[in-house]
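Visitor: Residue numbers (my numbering): 41 to 401.
Yeah, the Cβ is synthetic: ideal placement off N, Cα and C, and Gly gets one too.
First the structure, then my questions, so here it is.
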């Protein structure tokens, strides 16, 4: 998803709104309204400033939220009945824990983190509930999740992204492991579900915008970071920075928090320099390569491959070059066996060209 630049005319009002300040808003153009929508802050801005142009989106989000919660209350008990207790992460638990109302935190799906040995059971449960699983390219070292979706009686799609690692990117995938996240998990009473602790949720929020989106400045992700930091104690901030340094993602976290403070009107507080040594702040970390906004797909791929053992590197390259036949036929909308060899060649050539393109949109 390409996130547009916030138009200059509304940049200052956006910053003040995210800081919780009352502000006069101009009449929004189509471009400005679209930018706020794609940045995920349209309902939030409406709740603060009552911008007329955003009212319909805000009302729509409120209606959808009630239906999403009802679906979640059906899915979680079904999983629990088969001894699968997932951790909720990213948008959904933050919406119910940090935001004044959950509909102010738009999201396209619900992210569940499970142990690897629960993958098949989780798949069985969701399929029994009427979900369909989206086919993947077979890149098991680059796709560490499965997406399930279904339509309810009203025609609304409910999507669940089931993860067994915190990110698809190998360089970050082992930064936080399921067992340790479970040990530190907290309950979100409103939805009666386990979620990441604030410290772990903040580390993941800092990583996600970099690992998957190449240092994206999407505002809702930055606002998540700001709200998490607002809620954390001095001790939690210290534990966060120690964890970031130990897992060699301090640079990524420094960058994410600087951007969040800038856009969300927060005074600098509990920064890395308050808890880490100069050496820890400045040391070379492999993860910092993802902070380069000019990074190409090829350079990102190389960094990711280096994070894998040699055998896994070879497996990944083979899986990228030769995805399953069913995936190819679905992707290119053909059942012809004779077309397949040429489609593999075409896909390979297209992939080689893509390696030289800038990864960040």
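Assign residue 194 to one of three DSSP states: helix, strand, or coil.
Guide: Coil at residue 194, not helix or strand.
Visitor: Check whether the region 253-262 and the region 72-84 touch, using three or more Cβ-Cβ pairs below 8 Å as the test.
Guide: yes
Visitor: Since I believe residue 290 is in contact with residue 301 (beta carbons under 8 Å), could you give me their beta-carbon distance rounded to a whole number of angstroms?
Guide: For a cut-off of 8 Å, the C-beta gap from residue 301 to residue 290 is around 16 Å, too long to register as a contact.
Visitor: Scan the region 129-172 and note each continuous alpha helix (DSSP H) run of 4 residues or more that stays entirely inside, going in chain order.
Guide: 131-137 and 159-168
Visitor: Take residue 265 and list the residues in its own chain whose beta-carbon comes closer than 7 Å to its own, dropping the five residues that flank it on each side.
Guide: 242, 245, 246, 296, 297 and 300
Visitor: Could you compute how far the alpha carbon of residue 351 sits from the alpha carbon of residue 383?
Guide: Straight-line Cα distance between these residues: approximately 27 Å.
Visitor: Going by C-alpha distance, which of 115, 325 and 198 is nearest residue 162?
Guide: 115
Visitor: Assign residue 203 to one of three DSSP states: helix, strand, or coil.
Guide: Under the three-state reduction of DSSP output, residue 203 falls in the strand class.
Visitor: Taking the alpha carbon of residue 223 as the point to measure from, which residue in 195, 239, 165 and 230 has its own alpha carbon closest?
Guide: Here the closest residue by C-alpha is 239.
Visitor: Is it the case that the Cβ atoms of residue 200 and residue 149 are separated by a distance below 8 Å?
Guide: yes
Visitor: Assuming residue 335 and residue 248 are in contact, meaning their beta carbons sit under 8 Å apart, how far apart are those beta carbons, in whole angstroms?
Guide: Taking the Cβ atoms as the reference, residue 335 lies roughly 16 Å from residue 248, outside the contact range of under 8 Å.
Visitor: If you draw a straight line from the C-alpha of residue 322 to the C-alpha of residue 328, how long is it?
Guide: Straight across, the Cα-Cα distance linking residue 322 with residue 328 is about 11 Å.
Visitor: Which residues share a DSSP beta bridge with residue 234?
Guide: Bridge partners of residue 234: 227.
Visitor: How far does the alpha helix (DSSP H) with residue 33 in it extend, from its first residue to its last?
Guide: Residue 33 cannot be examined here, being either before or after the span of the chain that is shown, 41 to 401.
Visitor: What's the C-alpha gap between residue 72 and residue 397?
Guide: 28 Å
Visitor: Tell me whether residue 186 sits in a helix, a strand or coil according to DSSP, three-state version.
Guide: strand
Visitor: By the DSSP assignment, the alpha helix (DSSP H) with residue 303 in it spans what residues?
Guide: 290-303
Visitor: Roughly how many angstroms separate the alpha carbons of residue 192 and residue 198, rounded to a whole number?
Guide: Their Cα atoms are separated by approximately 7 Å.
Visitor: I think residue 126 touches residue 134, with their Cβ atoms under 8 Å apart; what is that distance to the nearest whole Å?
Guide: Separation of the CB atoms of residue 126 and residue 134 is rounded to 16 Å, and the pair is thereby denied contact status at 8 Å.
Visitor: Would you mind stating whether residue 183 and residue 154 have Cβ atoms separated by less than 8 Å?
Guide: no
Visitor: With residue 88 and residue 57 assumed to form a contact (beta carbons below 8 Å), what rounded beta-carbon distance in angstroms separates them?
Guide: Confirmed, about 5 Å.
Visitor: Would you kindly work out how many angstroms separate the C-alpha atoms of residue 208 and residue 99, rounded to a whole number?
Guide: 34 Å
Visitor: In or out: residue 294 buried (at least 16 other Cβ within 10 Å) or exposed?
Guide: buried
Visitor: Pairs of beta-carbons, one from the region 304-318 and one from the region 339-353, closer than 8 Å: are there three or more?
Guide: The answer is no - the region 339-353 does not touch the region 304-318, with fewer than three Cβ pairs under 8 Å.
Visitor: With DSSP collapsed to three states, give me the class of residue 348.
Guide: It is coil, neither helix nor strand.
Visitor: Look at the Cβ atom of residue 186, then the Cβ atom of residue 202, and state whether they are nearer than 8 Å.
Guide: Between residue 186 and residue 202, the C-beta gap is smaller than 8 Å, which places the two residues in contact.
Visitor: For residue 131, which residues in the same chain have their Cβ closer than 6 Å to its Cβ, ignoring the five residues on either side in sequence?
Guide: Cβ neighbours of residue 131 beyond the five flanking positions: 145 and 147.
Visitor: Is residue 33 helix, strand or coil when you go by DSSP?
Guide: Outside the shown range of the chain, which is 41 to 401, sits residue 33, and nothing can be said about it.
Visitor: To the nearest angstrom, how far is it from the Cα of residue 325 to the Cα of residue 288?
Guide: 6 Å
Visitor: Using only the alpha-carbon positions, how far apart do residue 68 and residue 76 sit?
Guide: Going by the C-alpha atoms only, they are around 10 Å apart.
Visitor: I'd like to check one pair, residue 234 with residue 138: are the Cβ atoms closer than 8 Å?
Guide: no
Visitor: I need the straight-line Cα distance from residue 345 to residue 277, nearest angstrom please.
Guide: 32 Å
Visitor: For residue 225, is the classification buried or exposed, using 16 other Cβ atoms within 10 angstroms of its Cβ as the cut-off for buried?
Guide: Around the beta carbon of residue 225, 16 or more other beta carbons lie within 10 angstroms, which makes this residue buried.
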